[in-house]
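Visitor: Per my numbering, residue 2 is the first one in the sequence shown, and the count goes up by one each step. Ideal placement from N, C-alpha and C gives every residue a C-beta, glycine not left out.
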Amino acid sequence: MKVLVIGAGNMGLAYAKALIKSEYLSKDNLMISDTSPEKTIELKKESRFDVYTNLADCLPSADIIFLAVKPYHAGELLAELKPLTKKDQVIVSIMAGVTIKTIQDGLGIVKVVRAMPNLPAQVGKGLTSFTSSSEVSRLELSTVQKLLDTTGKSVYLDTENDIDASTGISGSGPAYVFYFMQSMMEAAKKMGFSDHDSKVLVSQTFEGAVELFNQSDLSPESWMNRVASKGGTTRAALDSMDDNNVQDLIQEAAYAAFNRAVELGK
Numbered sequence: 002m003k004v005l006v007i008g009a010g011n012m013g014l015a016y017a018k019a020l021i022k023s024e025y026l027s028k029d030n031l032m033i034s035d036t037s038p039e040k041t042i043e044l045k046k047e048s049r050f051d052v053y054t055n056l057a058d059c060l061p062s063a064d065i066i067f068l069a070v071k072p073y074h075a076g077e078l079l080a081e082l083k084p085l086t087k088k089d090q091v092i093v094s095i096m097a098g099v100t101i102k103t104i105q106d107g108l109g110i111v112k113v114v115r116a117m118p119n120l121p122a123q124v125g126k127g128l129t130s131f132t133s134s135s136e137v138s139r140l141e142l143s144t145v146q147k148l149l150d151t152t153g154k155s156v157y158l159d160t161e162n163d164i165d166a167s168t169g170i171s172g173s174g175p176a177y178v179f180y181f182m183q184s185m186m187e188a189a190k191k192m193g194f195s196d197h198d199s200k201v202l203v204s205q206t207f208e209g210a211v212e213l214f215n216q217s218d219l220s221p222e223s224w225m226n227r228v229a230s231k232g233g234t235t236r237a238a239l240d241s242m243d244d245n246n247v248q249d250l251i252q253e254a255a256y257a258a259f260n261r262a263v264e265l266g267k
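1) Hey, would you say Pro61 sits closer than 8 Å to Val99, going by beta carbons?
2) Measuring straight from C-alpha to C-alpha, what distance separates Ile65 and Asn162?
3) Extract the residue ranges of the beta strand (DSSP E) inside the stretch 132-207, only unbroken runs of 3 or more that lie entirely within it.
4) Could one say the Cβ of Val178 lies closer than 8 Å to chain C's Cβ atoms, at least one of them?
5) Alpha carbon to alpha carbon, what distance is there between Ser138 and Thr45?
6) Rounded to whole angstroms, what's the CA-CA distance from Pro38 to Asn55? Just pull it up for me.
7) Using the beta-carbon count (16 or more within 10 Å), is Met242 buried or exposed?
8) What three-state label does DSSP hand Met12 in the structure shown?
9) What does a CB cutoff of less than 7 Å around Tyr53 pick up in its chain, not counting 5 residues either side in sequence?
10) Am I right that Gly153 and Gly127 are in contact with their C-beta atoms under 8 Å? What's the rounded C-beta distance?
11) Can you look up Ser62 in the DSSP assignment and give me helix, strand or coil?
12) Under the assumption that Thr129 contacts Ser94 (Cβ atoms under 8 Å), give the Cβ distance between them as a whole number of angstroms.
13) How about Leu82 and Leu120: do their beta carbons lie closer than 8 Å?
14) Taking only runs of the alpha helix (DSSP H) that begin and end inside the stretch 19-56, which ones reach a length of at least 4 residues, in chain order?
15) Cβ atoms of Asp165 and Gly232: under 8 Å apart, would you say?
16) How would you label Ile42, buried or exposed, when you count the other beta carbons within 10 angstroms and need 16 or more for buried?
17) Out of curiosity, what's the CA-to-CA distance linking Asp159 and Lys200?
18) Leaving out five residues before and five after Gly178 in sequence, what residues of the same chain have Cβ atoms less than 6 Å from its Cβ?
19) For the putative contact between Ala57 and Ala262, defined by C-beta atoms under 8 Å, what is the C-beta separation to the nearest angstrom?
20) Taking the alpha-carbon positions, what's the Asn246 to Asp106 distance?
21) Taking the continuous alpha helix (DSSP H) assigned at Ser92, which residues delimit it?
22) Quick check on this structure: which residue in Ile21, Pro84, Val113 has the alpha carbon closest to the alpha carbon of Glu47?
23) Just reading off the alpha helix (DSSP H) that Ile251 is part of, what are its end residues?
24) Taking the alpha carbon of Thr1 as the point to measure from, which residue in Val145, Asn226, Lys191, Met185 has its own alpha carbon closest?
25) Is the CB-CB distance between Phe50 and Tyr16 below 8 Å?
26) Can you tell me whether Leu5 is helix, strand or coil according to DSSP?
27) Which whole-angstrom value describes the C-beta separation of Gly13 and Ala69, a residue pair presumed to lie in contact below a C-beta threshold of 8 Å?
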């Protein structure tokens, strides 16, 4: 099995590096292509995978092709790929908002997997949601999932609407976490902590809270109640958030991302 990753940006490179690190694919079976001469020269120096600038030299021999370019490049990319693709190839798209039908129509092939990874894939802690056209076999889907899992975890969803919804939660979600972290760090600095200490206080708090949550069956609400006591400091903070409808605002933000994903698909 040969895999081609088209696009050596953050996500494309994250998958290529994860695949090599996992030893799921050998160097000879992993190819990466990018239009930037500077990028390809840099990648060739690493010698971790075969690097190409001309798709005609690599795409025909690929069994599975990852499309890891910005969504606004989708039209021109699909037009370039169409004369080179073969009907038995499996396309895995991580282009946000680009539908399976758009890719099928653009390439004239039917085996398409649409995936939505998130940024922590770069450090092996990603979450990728994915779905596929009915023509992708169970064996092919299992193989694709193993490839996706090299960057963390993956979850199969039944419909593309579910992919759009997952964009609002896991796809865009890391930015919400960073937003909250930034706010807490700014509060810490206003209280007199240094930049370094503010970062340590906040990052370790997040890491510890997530670990507690993952190692138990308790809900977030149950954990909040364990931390907060009546009339205490934590309850004062939580009451302030409730008074300012922070929970509602976070949910509205997630829906805003979801709605935008739907708009992009149109």
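Guide: Concretely, from the data shown:
1) As a working note, residue 61 is residue 60 in the sequence shown. As a working note, residue 99 is residue 98 in the sequence shown. No, they are not a contact pair.
2) Here the question's residue 65 lines up with position 64 in the sequence shown. Here the question's residue 162 lines up with position 161 in the sequence shown. Cα-Cα distance, rounded: 24 Å.
3) 153-157
4) The structure shown contains no chain C; it is built from a single protein chain.
5) Working through the sequence shown from its first residue, we reach residue 45 at position 44. Working through the sequence shown from its first residue, we reach residue 138 at position 137. Here residue 45 is Lys; the residue named in the question, Thr, does not match the sequence. Roughly 34 Å between the two C-alpha positions.
6) The residue given as residue 38 occupies position 37 in the sequence shown. The residue given as residue 55 occupies position 54 in the sequence shown. The straight-line gap from Cα to Cα measures roughly 11 Å.
7) Counted from its first residue, the sequence shown places residue 242 at position 241. Its Cβ having fewer than 16 others within 10 Å, Met242 is exposed.
8) For the purposes of this step, residue 12 is taken as the residue at position 11 of the sequence shown. Looking at Met12 - three-state DSSP - the assignment turns out to be helix.
9) Residue 53 sits at position 52 when you count from the first residue of the sequence shown. Taken in chain order, the residues that qualify are Met32, Ser34, Cys59.
10) Position 152 of the sequence shown holds residue 153. Position 126 of the sequence shown holds residue 127. About 4 Å; that satisfies the 8 Å criterion.
11) Locating residue 62 in the sequence shown gives position 61, counting from the first residue. It is helical.
12) As a working mapping, residue 129 is identified with position 128 in the sequence shown. As a working mapping, residue 94 is identified with position 93 in the sequence shown. Not really, about 12 Å apart at Cβ, beyond 8 Å.
13) Numbered from 1 along the sequence shown, position 81 holds the residue referred to as residue 82. Numbered from 1 along the sequence shown, position 119 holds the residue referred to as residue 120. Cβ distance not < 8 Å, so Leu82 and Leu120 don't count as in contact.
14) 38-47
15) By 1-based counting over the sequence shown, the position of residue 232 is 231. By 1-based counting over the sequence shown, the position of residue 165 is 164. No, the pair does not count as a contact, with Cβ atoms beyond the cut-off.
16) Counted from its first residue, the sequence shown places residue 42 at position 41. Exposed, because fewer than 16 other Cβ atoms sit within 10 Å of the Cβ of Ile42.
17) In the sequence shown, the residue the question calls residue 159 occupies position 158. In the sequence shown, the residue the question calls residue 200 occupies position 199. Cα to Cα, Asp159 sits roughly 39 Å from Lys200.
18) Counted from its first residue, the sequence shown places residue 178 at position 177. Rather than Gly, the amino acid found at residue 178 in this sequence is Val. No residues qualify anywhere along the chain.
19) Sequence index remark: in the sequence shown, residue 57 carries index 56 (1-based). Sequence index remark: in the sequence shown, residue 262 carries index 261 (1-based). Incorrect: roughly 33 Å between the Cβ atoms, too far for contact.
20) On the sequence shown, residue 246 is found 245 positions in, with the first residue counted as 1. On the sequence shown, residue 106 is found 105 positions in, with the first residue counted as 1. Distance between the alpha carbons of Asn246 and Asp106: 44 Å.
21) Here residue 92 corresponds to residue number 91 of the sequence shown, with the count starting at 1. Here residue 92 is Ile; the residue named in the question, Ser, does not match the sequence. That residue, Ile92, is in no alpha helix (DSSP H); its beta strand (DSSP E) goes 91-94.
22) The residue given as residue 47 occupies position 46 in the sequence shown. For Glu47, the nearest C-alpha among the options comes from Ile21.
23) Here residue 251 is taken as the residue at index 250 of the sequence shown, counted from 1. Segment 247-266, the alpha helix (DSSP H) holding Ile251.
24) Outside the displayed span of the chain (2 to 267) sits residue 1, for which this structure offers no information.
25) Counting from 1 along the sequence shown, the entry for residue 50 is found at position 49. Counting from 1 along the sequence shown, the entry for residue 16 is found at position 15. For Phe50 and Tyr16, no; Cβs fall outside 8 Å.
26) Start at 1 with the first residue of the sequence shown, and residue 5 comes out as number 4. Here Leu5 sits in strand by DSSP.
27) For the purposes of this step, residue 13 is taken as residue 12 along the sequence shown, with counting starting at 1. For the purposes of this step, residue 69 is taken as residue 68 along the sequence shown, with counting starting at 1. Contact flag correct, Cβ pair sits at about 3 Å.
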